[in-house]
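Residue numbers (the working numbering): 3 to 230.
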């Protein structure tokens with residue numbers, strides 16, 4: 003039976019909405035769908051979920067920073083917790099859209115809360131990773147590059163094109179890479195080695211984001227030129 007909080011959607015409106023959303027397989031998961039339904043039934047708004055994503059990112063930053071000044075055991079625990087905060091941030095990013103679209107909870111200010119917390123979360127988490135690596139400027143630089151990928155996507159949308167969610171370092175990819183880097187660093191008993199792993203990971207993620215920026219820029223330019 004269809005949950006009343008998630009009415010069945012069909013037709014052109016659903017097709018148009020699907021084309022403007024990042025394709026995520028987890029959206030079809032029964033567990034995720036049930037979680038989104040529970041949030042909608044409890045009157046949790048998509049905007050509140052988006053705001054929670056920034057809170058998780060901020061806590062992740064604190065865990066990264068604390069890991070940089072902790073001993074081996076504490077560092078490992080804090081890095082695992084930081085990886086968990088990254089995943090909770092992503093879960094919020096998934097659920098806010100589901101509650102807004104499938105749950106019919108969208109609000110007039112939804113576009114703001116859908117985008118701005120996302121950008122803040124990117125910057126906070128990469129800043130935290132940079133603090134742990136001992137090169138905060140590198141973390142902030144990677145975070146700034148991540149903002150450009152989102153700006154290019156939204157510029158294309160503003161020009162009337164389907165949003166370009168492609169990588170190789172779109173948001174899910176870079177968050178997966180950062181999560182993996184945190185977990186690998188957590189398994190290493192020497193703090194300086196963990197920091198080095200994170201620093202190299204940030205360089206690799208940054209390179210992937212630059213490739214993403216280049217790919218999206220070329221595609222957008224081609225579409226603009228073709229439109230004349």
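Where a beta carbon is used, it is the ideal one built from N, C-alpha and C, also for glycine. If you're wondering where the values come from, they're calculated on a predicted model, not measured in any experiment.
Nearest by alpha-carbon distance to residue 111: which of 226, 44, 27, 53 is it?
53
In the structure shown, what three-state DSSP assignment does residue 18 receive?
Here residue 18 scores only 40 on pLDDT, less than 50, and its place in the model should not be relied on; the value that follows carries that caveat. The answer is helix: DSSP assigns residue 18 an H, G or I state.
Beta-carbon within less than 8 angstroms of residue 67's beta-carbon, same chain only, minus the 5 sequence neighbours each way: which residues are those?
130, 133, 134
With the cut-off set at 9 angstroms, would you say residue 226 and residue 161 are in Cβ contact?
yes
Within the chosen definition, does the stretch 50-65 reach the stretch 116-130 through at least 3 CB pairs nearer than 8 angstroms?
By the Cβ criterion, the stretch 50-65 is in contact with the stretch 116-130, since at least three pairs of Cβ atoms, one from each stretch, lie closer than 8 angstroms.
Where do the N-terminal and C-terminal ends of the alpha helix (DSSP H) with residue 30 fall, by residue?
Segment: none, residue 30 is in no alpha helix (DSSP H) and carries neither H nor E.
DSSP-derived helix/strand/coil call for residue 46:
coil
Pick from 154, 202, 175, 158 that is closest to residue 187, judged by C-alpha positions
202
Quick test of the definition: if touching needs 3 or more C-beta pairs under 8 angstroms, does the stretch 94-114 touch the stretch 33-48?
yes
Alpha carbon to alpha carbon, how far is residue 204 from residue 141?
Between residue 204 and residue 141, the C-alpha separation is close to 7 angstroms.
Inter-residue spacing [alpha-carbon to alpha-carbon] between residue 70 and residue 136
8 angstroms
Closest to residue 62 by CA distance: which of 216, 220, 184 is it?
184
Is it the case that the Cβ atoms of residue 25 and residue 107 are separated by a distance below 9 angstroms?
no
Buried versus exposed, by CB contacts within 10 Å (16 or more), residue 17
The predicted position of residue 17 is uncertain, since its pLDDT is 40 and thus under 50; no value can be drawn from it.
Less than 8 angstroms between the CB atoms is what I'm expecting for residue 125 and residue 145, so what's the real figure, rounded?
The beta-carbon separation of residue 125 and residue 145, rounded to 4 angstroms, stays under the 8 angstroms limit for a contact.
Considering only the beta carbon of each residue, do residue 34 and residue 59 sit closer than 9 angstroms?
no
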